[in-house]
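I have placed the structure first, in the form of structure tokens, so that the comments after it can refer back to it.
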Amino acid sequence: MIRIGVMGAGVIARFGHAPAILQTPGLVLASVYDPSQESLAEFARTHPGVEVETFQDRNAFFASGISAVSVCSSAPAHLSNVREAAAHGLPVLCEKPLAMTDADIAAMIGLMEGAHLPLVAAFCYRFAPVAQSIKHLVDAGAIGAVRSMRLIYNWNLHGKYSYENGERHENPYRVGRMLEGGPMVDCGVHQIDLARWWTGSEITDYTAHAAWVDEEFEAPSHMWLHMDHDNGCHTAVEMSFAYTHTAKEPISMFTYDIIGTDGILHYDREGWKFEMRNGTETVRMPGSSEKNFVGMYHAWARALRTGDFSGLPNGRDGMVATRTARTATEECIARHRSAHKLGKP
């Protein structure tokens, strides 16, 4: 059995990674590290009856007999987490965004390569049945050559406010994601990765625009990213953390539209609508969630057993997606600052 140690006991670890590890044959959720006792206690409450060691001390965590590490901490901690995993000779699966800067990601890749260890980027969207079907259909030429993609995820990130004892507070989870870079950096990296993966084509140029629905944050809460690929395809990504973020009854919008020279693929998460329309037929296919943590961990478990990581998103994939999302966001922030200095709205 492969003993997995999880670094970070927050929401993504509790509801994404830990359940997937527990559902993957051959993996054992062995140890969880977090400097916060409160986070560890919440992890235990979320998974009652699960026998797992918890640690606030990193040295004790790495001495607990683990075989590989899932880094689920906040992005600023990723580099130090990966550095320690590399020093202990452990493979890493790391949550997105890989790090806060390009230099940190390059350091992470260098540390793992120097130790001859695999670094896997946790792009769980790749493993969703819909995403896998799109990849298969595009590669098979079912809609001809792909020329345009529009990938949208507009939602409220669990709302701007939370309520405790009748009092309204800023939602700390949403605040944290905004401080780490906003919607394109936190969620848009998935769509950027999908665009590269589905087309098998690198990004050659991009432009971005943004809106500040929440003026209190440096990062924009709604962004548009337009990317040109070296095969002639153009991808438009729209991401929002402000869509119904103050609404009593929030809704979300999550769609994929892929346009080829001989047809289209369309996916709408609302109702799991998934269809292909081409020159010979219209096919309505089973939908799915956009994420698949279990599928990702099944693939990681196979790779850990066989040593073949070729089918998994790697550190470079994580770097390209994070770099594109972060530099696009930073360019929008710079223009926003400049406009305010000039007195523009």
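Be aware that the sequence shown starts at 112, since it is given in the numbering used here, and climbs by one per residue. Where a beta carbon is used, it is the ideal one built from N, C-alpha and C, also for glycine.
Contact under 8 angstroms by Cβ, residue i with residue j
i: residue 125; j: residue 165; result: no
i: residue 430; j: residue 352; result: no
i: residue 114; j: residue 185; result: no
i: residue 154; j: residue 120; result: yes
i: residue 233; j: residue 262; result: no
i: residue 420; j: residue 231; result: yes
i: residue 116; j: residue 141; result: yes
i: residue 295; j: residue 350; result: yes
i: residue 354; j: residue 265; result: yes
i: residue 478; j: residue 440; result: Because the chain here runs from 112 to 456, residue 478 falls outside it and cannot be looked at.
i: residue 388; j: residue 213; result: no
i: residue 190; j: residue 376; result: no
i: residue 169; j: residue 206; result: no
Beta-carbon separation (whole angstroms), residue i vs residue j, contact threshold 8 angstroms
i: residue 267; j: residue 356; result: 4 angstroms
i: residue 112; j: residue 139; result: 5 angstroms
i: residue 229; j: residue 202; result: 5 angstroms
i: residue 424; j: residue 279; result: Their Cβ separation, rounded to whole angstroms, is 39 angstroms, which puts residue 424 and residue 279 out of contact at 8 angstroms.
i: residue 226; j: residue 197; result: 4 angstroms
i: residue 426; j: residue 223; result: 7 angstroms
i: residue 217; j: residue 304; result: Their Cβ separation, rounded to whole angstroms, is 18 angstroms, which puts residue 217 and residue 304 out of contact at 8 angstroms.
i: residue 133; j: residue 411; result: That pair is no contact at about 14 angstroms.
Closest residue to residue i among the options (Cα-Cα distance)
i: residue 200; options: 211, 180 and 214; result: 180
i: residue 339; options: 354, 319 and 383; result: 319
i: residue 437; options: 176, 331, 132 and 325; result: 331
i: residue 122; options: 173, 146, 183 and 133; result: 183
i: residue 360; options: 271, 382 and 409; result: 271
i: residue 137; options: 392, 365, 408 and 273; result: 408
i: residue 474; options: 118, 440, 335 and 133; result: Not covered by the structure: residue 474. The range shown for the chain is 112 to 456.
i: residue 392; options: 193, 411 and 253; result: 253
i: residue 337; options: 302, 365 and 363; result: 302
i: residue 308; options: 189, 215, 346 and 194; result: 346
i: residue 344; options: 365, 417, 310 and 192; result: 310
i: residue 300; options: 152, 428 and 383; result: 428
i: residue 328; options: 390, 335, 389 and 285; result: 285
i: residue 187; options: 248, 239, 390 and 297; result: 297
i: residue 500; options: 335, 193, 282 and 147; result: The structure shown does not extend to residue 500, since the chain spans only 112 to 456, so no value can be given for it.
i: residue 250; options: 152, 269, 312 and 390; result: 312
i: residue 385; options: 341, 239 and 362; result: 239
i: residue 167; options: 175, 146, 276 and 152; result: 146
i: residue 135; options: 148, 415 and 341; result: 415
i: residue 341; options: 273, 315 and 148; result: 315
i: residue 358; options: 451, 273, 380 and 383; result: 273
Limits of the alpha helix (DSSP H) - the one that residue i falls within
i: residue 408; result: 404-417
i: residue 152; result: 148-157
i: residue 221; result: 213-225
i: residue 251; result: Looking at the DSSP string, residue 251 is not in any alpha helix (DSSP H), and its letter there is neither H nor E.
i: residue 287; result: 283-290
i: residue 304; result: 300-310
Range covered by the beta strand (DSSP E) that runs through residue i
i: residue 170; result: That residue, residue 170, is in no beta strand (DSSP E); its alpha helix (DSSP H) goes 169-173.
i: residue 321; result: 314-322
i: residue 137; result: From DSSP, residue 137 is part of no beta strand (DSSP E); its letter is neither H nor E.
i: residue 232; result: 230-232
i: residue 380; result: Unbroken run through residue 380: none, as it is neither H nor E.
i: residue 193; result: Counting along the chain, residue 193 falls outside any beta strand (DSSP E), though it belongs to the alpha helix (DSSP H) covering 189-198.
i: residue 393; result: 393-395
i: residue 163; result: Run containing residue 163: none; DSSP gives neither H nor E here.
i: residue 369; result: 364-371
i: residue 118; result: 113-118
i: residue 354; result: It is not in any beta strand (DSSP E) - residue 354 carries neither H nor E in the DSSP assignment.
i: residue 338; result: 333-340
i: residue 204; result: 203-205
i: residue 272; result: 272-275
i: residue 186; result: Neither: residue 186 is in no beta strand (DSSP E) and is coded neither H nor E.
| task | Flag this pair as touching only if the region 244-264 and the region 380-400 have three or more C-beta atom pairs under 8 angstroms; answer yes or no. | result | Verdict: yes, contact present.
| query | Looking at C-beta atoms only, is the number of pairs between the region 359-371 and the region 253-273 that lie closer than 8 angstroms three or more? | reply | yes
| query | Using 8 angstroms as the threshold, is the region 401-418 in touch with the region 122-136, meaning 3 or more CB pairs across them? | reply | yes
| message | Can you confirm whether the region 440-449 touches the region 319-328 when touching is taken to mean that 3 or more C-beta pairs between the two stretches lie within less than 8 angstroms? | response | yes
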